[in-house]
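Visitor: So the protein lines, in turn, are chains A and B.
Under my numbering, the first residue of the first sequence carries the number 1, and numbering increases by one thereafter.
Under my numbering, the first residue of the second sequence carries the number 1, and numbering increases by one thereafter.
Where a beta carbon is used, it is the ideal one built from N, C-alpha and C, also for glycine.
In this text the structure is predicted, and so the values were computed from the model without any measurement.
Sharing a structure here in structure tokens format.
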Amino acid sequence: MSNATEAVSSSGGAQKVSRINEVVIRIAGNSQDGIQAIGGFLARLAGRSEQEVMTFMTIPSTISGGPSIFQVRVGSGEVLTAGDDADVLLCFYQHSYEGHINSLKKKGIVLYDSDHVVPKEEWLSDYHHVGIPISSLTVEAIGGTAKDKGKNIYSLGLIARMFDLNVPKLEKLLGERFGGKDVSILNNALAAFHAGYANSPSNVVETFQITDSQKKDGHQVVMNGNEAIGYGLIAAGVRFGAGYPITPWTDIMELLRRELPKYGGSFIQCEDEIASVSMALGASYAGRVAVTGSSGPGISLKTEAIGWAVMAEMPLIVINVQRGGPSTGMPTNIEQSDLNIAINGGHGDAPRVVLAPANVEDCFYMAIEAVNIARKYNTPVFFLTDQGIATRIEAFTEPNLEKVCQDISPDLTPVASHKPYDLAAKDGVTPHVKPGTRILDGKYPIATGLEHDEYGHPSGSPKVHMLQNAKRRKKLQALGATLPLPKIYGPSEGNILLVGWGSTEGPIREAVDRFRAAGDSVSAIHLRHVNPLPNGLENIFSGFNHVFVVEMNDEGLYGIGQLGTILRARYADAKIQGINKTDGLTWKVKEIVELVKAKAGK
Amino acid sequence: MTTLEASAKTLSLTKFMAGDFKSDLKPIWCPGCGDFGVVTAITRALANIGRAPHEIAFVSGIGCSSRIPGYTTAYGFNTVHGRSLPIAQGIKLANPELLVLVASGDGDGFSIGGGHVAHAVRRNIDITYIVMDNQIYGLTKGQLSPTSSRGRKTVTSSFGSIEDPVNPLLYVMGYGASYVAQGTPADMTGLAKIIEEGIRFPGFAFINVQSPCVTYGMEDQQLKAHKTNMQSLESIGHDPSDRAKATELAREYGTKLYTGVLYRNPNPPSTYGQGVIERHDALKKSAVPRHEILNRFKPSN
Ligand SMILES: Cc1ncc(C[n+]2csc(CCOP(=O)(O)OP(=O)(O)O)c2C)c(N)n1
Ligand code: SF4
Ligand SMILES: [Mg+2]
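Here it is in structure tokens:
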């Protein structure tokens, strides 16, 4: 909590009220306690109050649940990460208390369920302990044996009181979530919430008010990365897709299966990932740029067909919500270890596009960009996110939907003739003429994975292979030339440049802020277009003594990580080095700061 | 009217001949390969159907047999080994107006792609699946295939196969296919007829073609042998609407060469495509205008 000033509580209590700019709350319990639900309510409330918000969660990989946390950071200024350390720790069990006290700031508040948690003597002086018999008070409030169901909502009430949150808005959110056929469910939730709100524990001496947002730029929308991708695709005009369930990709698939049929589309749940990518390719070929997606092992299964799409020059969107690998690996971990398979996965020379959104807002807009690149260049486009961005809830300015929504229904106007693999085409970019289109010279093309001449007829000629390889390469080079250089966060010259990609933008920027505040010369860039890379990165690198590539993957055999290796290979510059980890948790700002210091030899 | 539109108009009045569906490409098949006959039968069937080449998508996997789209005039799609079925289903769902044909081999269709067959059958998307079953891997030069008989000696079964073959007819019958037929290029008229009927059938149609491999096939699998061995189902008085009898006859795959329609569901079940249309109609009213798609993520007050 920062910048505390005095204010008056709207709940009219006599307690001391402090105004704060932001707060980090960590909720620790078991996943079946509905931890995610409280965090989600807080995040959505913040978004609806035009505040900045960022969340972070861990979930156990078993359906029966297990220890789980949800961290939410709400602020009126810019919020870049979910925060390293919490101001408030809400813990339901002894293991949540003991396991997470370390992530609480000194003098922070531990709000614990005294029915289950016994505070430890040695921590009493370091942290402000507030014990409340949450379980029994929930039973008291809503009765019966529902304690495991309602204690999250009871706790939400406690937090609402403590932070003077907008009660009508929260009630509305509860209504949206629990309002259904059975009114008793909503009534129970409201009863639990109000009981928590009314319980003004005597030892919570203060309450807090988060100052109003400075933002005046219209309405916000609040969603997680998976939702942003799903709706980005819908806005982009995508109406067809196919997939097979796997965590954490499944949420996108469920969303598209629910939404696409409303708009005249279909999303097929296939027998496996190979069928999914194949079916999506069939649809793309027929003129409906289609989406498939997966995580982990499912991506491996798709690679043969993706190579085929490169060869046959078919548009396709492949969403890869990365998880820890190889194999079944660490299904619920945050990891960025699929860059190599995205760029190079499969056999042969198979250039394709790889995009990596840096935040939830990017997920929305870059989904549209991905579709348009796939259509223009007739290429598969990999869309790399990870568990961190998939479930992270963020608020961003509502997109101008009238402007961004597009219709990409196929155009079947007859054409005089068509060479799908025309070697004379400018930049190697040829249009995709869809079946159903009459070709007046009667020469119908064949799309094939065999090397082929300009009509798609199989060819074993080495010369043709070299020319077609060049065509497939040139169109990506042409795309690369149109890509904007990333903006430099911080001055364009200095000692250290941090380079990141994907979900790690927030902690990297916050690390830069921390360095600069301490007088160190550190800047950062974040790459959203990872294949092809934008031209001219060398001009940015030349302004710095060190270039550290910060990634959540193993440093690899040569010690520089996956993107690091690519940048090294392209720029042949030994000052490019890697900062890597694979612990499955988002970067903490202090981790980056420490590793950078160690690498830079300070 | 532009010249393009004018010529498009005149073209649509054209009647088609089998030759209109043959391409200029010279097949790379061995002289005498059964697949020559299959391409002829397909083009004859297409001429009778009367859809223009641009309305046809012809999908295949990989194998000698899968070269077939290249030798026809239509939108050809020569795909990945074993994946022709899911690709074809994607095409049909994305553009239901297209006539979608799928060609495959016994290896392509029942080994590497075998897992997709059950799902294509149960989804019942309106496509026509033609498998050129030569009981061998032709393209890769004579290895054992999933339909090779027990005891068969090939380059990968030097001492004779110790596995039982897949029975393609029983396989698709088992999953509940509604149209199942078998033919051979030894009877071109019959083959063209079952293909045409398969195309006209509303739903997933399966046609197993005993298409001889002259290079790696056995004596008794050649056209000459077919001519003496084949037995038309019609001639034995088989009623194609009798599912139990059809299943019984299907069991004789490998010992008898029946030709014609083995099973045709007299009450074709509704297709996946029809389900999609019904779903669209039912859900249309829950669609929101494009500028409102994100409303659920907005402050509601
Ligand atoms: C993934 C993969 N594995 C193996 C091959 C090699 N391959 C190509 S065709 C084929 C078998 C062809 O047999 P079949 O499907 O019966 O077709 P035929 O040539 O007999 O007509 C094989 C093994 C391949 N192309 N792709
Ligand atoms: S190898 Fe056999 S199947 Fe292939 S073309 Fe030759 S005869 Fe036909
Ligand atoms: Mg074969």
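(1) Quick check for students: name the residue ranges of the alpha helix (DSSP H) that lie wholly in the segment 29-96 of chain B, counting only runs of 4 or more.
(2) Determine whether the beta carbon atoms of residue 544 (chain A) and residue 494 (chain A) lie at a separation below 8 Å.
(3) Our contact map puts residue 169 (chain A) next to residue 45 (chain A) with C-beta atoms below 8 Å; I'd like the distance itself, whole angstroms only.
(4) Nearest-angstrom Cα distance between residue 296 (chain B) and residue 397 (chain A)?
(5) For the segment 84-111 of chain B, which residues have a beta carbon sitting closer than 7 Å to at least one beta carbon of chain A?
(6) Apart from the five residues just before and just after residue 308 (chain A), which ones in its own chain have a Cβ nearer than 6 Å to its Cβ?
(7) Counting Cβ pairs, one atom from each stretch, are 3 or more of them under 8 Å apart for the segment 263-275 of chain A and the segment 351-371 of chain A?
(8) State yes or no: is the C-beta of residue 81 (chain B) nearer than 7 Å to some heavy atom of ligand 1?
(9) Drop a sphere of 10 angstroms on the beta-carbon of residue 281 (chain A), count the other beta-carbons inside from all chains shown, and report buried for 16 or more, exposed for fewer.
(10) Going along the chain, which residues of its own chain have a beta-carbon closer than 6 Å to the beta-carbon of residue 216 (chain A), five neighbours each way excluded?
(11) Going by DSSP, what residue range makes up the beta strand (DSSP E) through residue 91 (chain A)?
(12) Using only CA atoms, which one of A:293, A:401, A:180 and A:340 lies nearest to residue 288 (chain B)?
(13) Heavy atom of ligand 4 less than 7 Å from the Cβ of residue 136 (chain B), yes or no?
(14) Give a yes or no on whether the C-beta atoms belonging to residue 78 (chain B) and residue 66 (chain B) are separated by under 8 Å.
(15) Just to confirm before moving on: does the CB-CB distance between residue 630 (chain A) and residue 53 (chain A) stay below 8 Å?
(16) Using a 10 Å radius around the Cβ and a threshold of 16 neighbouring Cβ atoms, would you call residue 364 (chain A) buried or exposed?
(17) Could you tell me whether any non-hydrogen atom of ligand 2 is closer than 7 Å to the CB of residue 72 (chain B)?
(18) Could one say the Cβ of residue 308 (chain A) lies closer than 8 Å to chain B's Cβ atoms, at least one of them?
(19) Does the distance from the CB of residue 255 (chain B) to the CB of residue 226 (chain B) come in under 8 Å?
(20) Given a cut-off of 8 Å on the beta-carbon distance, is the pair residue 551 (chain A) and residue 563 (chain A) in contact?
(21) Assuming residue 182 (chain A) is part of the alpha helix (DSSP H), what are its boundary residues?
(22) Checking 8 Å against the spacing of the C-beta atoms, do residue 291 (chain B) and residue 275 (chain A) come in under that value?
(23) May I ask whether a heavy atom of ligand 3 can be found less than 7 Å away from the beta carbon of residue 407 (chain A)?
(24) Does DSSP put residue 36 (chain A) in a helix, a strand or coil?
(25) Have a look at residue 29 (chain A) and residue 370 (chain A) and give me their C-alpha separation to the nearest angstrom.
(26) For the putative contact between residue 296 (chain A) and residue 323 (chain A), defined by C-beta atoms under 8 Å, what is the C-beta separation to the nearest angstrom?
(27) Show which residues of chain A have a CB atom less than 9 Å away from the CB atom of residue 271 (chain B).
(28) On a CA-only basis, which of A:291, A:433, A:335 and A:464 is nearest residue 390 (chain A)? Give me that one, please.
(29) Leaving aside the five residues before and after residue 205 (chain B) along the sequence, list all residues of the same chain whose C-beta is less than 6 Å from its C-beta, in chain order.
(30) Whose C-alpha, out of A:502, A:156, A:72 and A:221, is nearest the C-alpha of residue 58 (chain A)?
(31) Hey, quick one: how far does the beta strand (DSSP E) through residue 207 (chain B) stretch, first residue to last?
(32) Can you list, in chain order, the stretches of the alpha helix (DSSP H) that have 4 or more residues and sit fully within the segment 75-138 of chain A?
(33) Rounded to whole angstroms, what is the Cα-Cα separation between residue 82 (chain A) and residue 410 (chain A)?
(34) Hey, is residue 132 (chain B) close to ligand 1, as in C-beta under 7 Å from one of its heavy atoms?
(35) Going along chain B in order, which residues have a C-beta closer than 9 Å to the C-beta of residue 240 (chain A)?
(36) Specify the secondary structure class of residue 310 (chain A) as computed by DSSP and reduced to three states.
Guide: Answer, in terms of the structure:
(1) 34-49 and 84-94
(2) Here the question's residue 544 (chain A) lines up with position 544 in the first sequence. Here the question's residue 494 (chain A) lines up with position 494 in the first sequence. Contact: yes.
(3) Sequence index remark: in the first sequence, residue 169 (chain A) carries index 169 (1-based). Sequence index remark: in the first sequence, residue 45 (chain A) carries index 45 (1-based). About 6 Å separates the two Cβ atoms, so the contact holds.
(4) Counting from 1 along the second sequence, the entry for residue 296 (chain B) is found at position 296. Counting from 1 along the first sequence, the entry for residue 397 (chain A) is found at position 397. Cα to Cα, the separation comes out at about 14 Å.
(5) 86, 87, 88, 89, 90, 91, 93, 94, 95, 97 and 98
(6) The residue given as residue 308 (chain A) occupies position 308 in the first sequence. Contacts found: 449.
(7) no
(8) Stepping through the second sequence from its first residue, residue 81 (chain B) is reached at position 81. For ligand 1, at least one heavy atom lies less than 7 Å from the Cβ of residue 81 (chain B).
(9) To locate residue 281 (chain A), count along the first sequence from 1; it is residue 281. Buried: at least 16 other Cβ atoms inside 10 Å.
(10) By one-based count along the first sequence, residue 216 (chain A) stands at place 216. Its pLDDT being 49, under 50, residue 216 (chain A) is placed unreliably by the model, and nothing is read from it.
(11) Within the first sequence, numbered from 1, the residue matching residue 91 (chain A) stands at position 91. Start and end: 86-91.
(12) Stepping through the second sequence from its first residue, residue 288 (chain B) is reached at position 288. Out of A:293, A:401, A:180 and A:340, A:401 has the C-alpha closest to the C-alpha of residue 288 (chain B).
(13) Ligand 4 is not among the ligands present in this structure, which contains only ligand 1, ligand 2 and ligand 3.
(14) Along the second sequence, one-based indexing puts residue 78 (chain B) at 78. Along the second sequence, one-based indexing puts residue 66 (chain B) at 66. In contact: residue 78 (chain B) and residue 66 (chain B) (Cβ atoms closer than 8 Å).
(15) Residue 630 (chain A) lies beyond the range of chain A shown here (1 to 602); nothing can be said about it.
(16) Within the first sequence, residue 364 (chain A) is the residue found at index 364, counting from 1. Flag for residue 364 (chain A) reads buried.
(17) Your numbering for residue 72 (chain B) matches position 72 in the second sequence. No, the beta carbon of residue 72 (chain B) sits no closer than 7 Å to any heavy atom of ligand 2.
(18) By 1-based counting over the first sequence, the position of residue 308 (chain A) is 308. Chain B contact via Cβ: present.
(19) Taking the first residue of the second sequence as position 1, residue 255 (chain B) is located at position 255. Taking the first residue of the second sequence as position 1, residue 226 (chain B) is located at position 226. No; because the gap between Cβ atoms is not below 8 Å, this pair is not in contact.
(20) By 1-based counting over the first sequence, the position of residue 551 (chain A) is 551. By 1-based counting over the first sequence, the position of residue 563 (chain A) is 563. It is a contact, given that the beta carbons lie within the stated cut-off.
(21) For this step, residue 182 (chain A) is matched to residue 182 along the first sequence. Residue 182 (chain A) -> no alpha helix (DSSP H), and no H or E assigned at all.
(22) The sequence position of residue 291 (chain B) within the second sequence is 291, counting from 1. The sequence position of residue 275 (chain A) within the first sequence is 275, counting from 1. Not a contact, by the Cβ cut-off of 8 Å.
(23) Against the first sequence, residue 407 (chain A) aligns to sequence position 407. No.
(24) By one-based count along the first sequence, residue 36 (chain A) stands at place 36. Residue state, collapsed to three classes: helix.
(25) On the first sequence, position 29 is the one that residue 29 (chain A) refers to. On the first sequence, position 370 is the one that residue 370 (chain A) refers to. The alpha-carbon atoms of residue 29 (chain A) and residue 370 (chain A) are separated by roughly 38 Å.
(26) The residue given as residue 296 (chain A) occupies position 296 in the first sequence. The residue given as residue 323 (chain A) occupies position 323 in the first sequence. The pair is a contact, with the Cβ atoms about 5 Å apart (cut-off 8 Å).
(27) Counted from its first residue, the second sequence places residue 271 (chain B) at position 271. Those do not exist, as residue 271 (chain B) stays about 13 Å from chain A at its closest Cβ, beyond 9 Å.
(28) Taking the first residue of the first sequence as position 1, residue 390 (chain A) is located at position 390. Of A:291, A:433, A:335 and A:464, the residue nearest in Cα terms is A:335.
(29) Counting from one through the second sequence, the residue named residue 205 (chain B) turns up at place 205. If we look at residue 205 (chain B) and ignore the five residues flanking it on each side, its Cβ neighbours are 128, 179 and 198.
(30) Here the question's residue 58 (chain A) lines up with position 58 in the first sequence. Residue 58 (chain A) has its Cα closest to that of A:72, out of A:502, A:156, A:72 and A:221.
(31) Sequence index remark: in the second sequence, residue 207 (chain B) carries index 207 (1-based). Here the beta strand (DSSP E) through residue 207 (chain B) covers 205-210.
(32) 94-100
(33) In the first sequence, the residue the question calls residue 82 (chain A) occupies position 82. In the first sequence, the residue the question calls residue 410 (chain A) occupies position 410. Taking the straight line from one Cα to the other gives about 42 Å.
(34) Translated into positions along the second sequence, residue 132 (chain B) becomes position 132. Checking every heavy atom of ligand 1 against the Cβ of residue 132 (chain B), one is found closer than 7 Å.
(35) Translated into positions along the first sequence, residue 240 (chain A) becomes position 240. Chain B residues near residue 240 (chain A): 90, 93 and 94.
(36) For this step, residue 310 (chain A) is matched to residue 310 along the first sequence. Of the three classes helix, strand and coil, the one that applies to residue 310 (chain A) here is helix, per DSSP.
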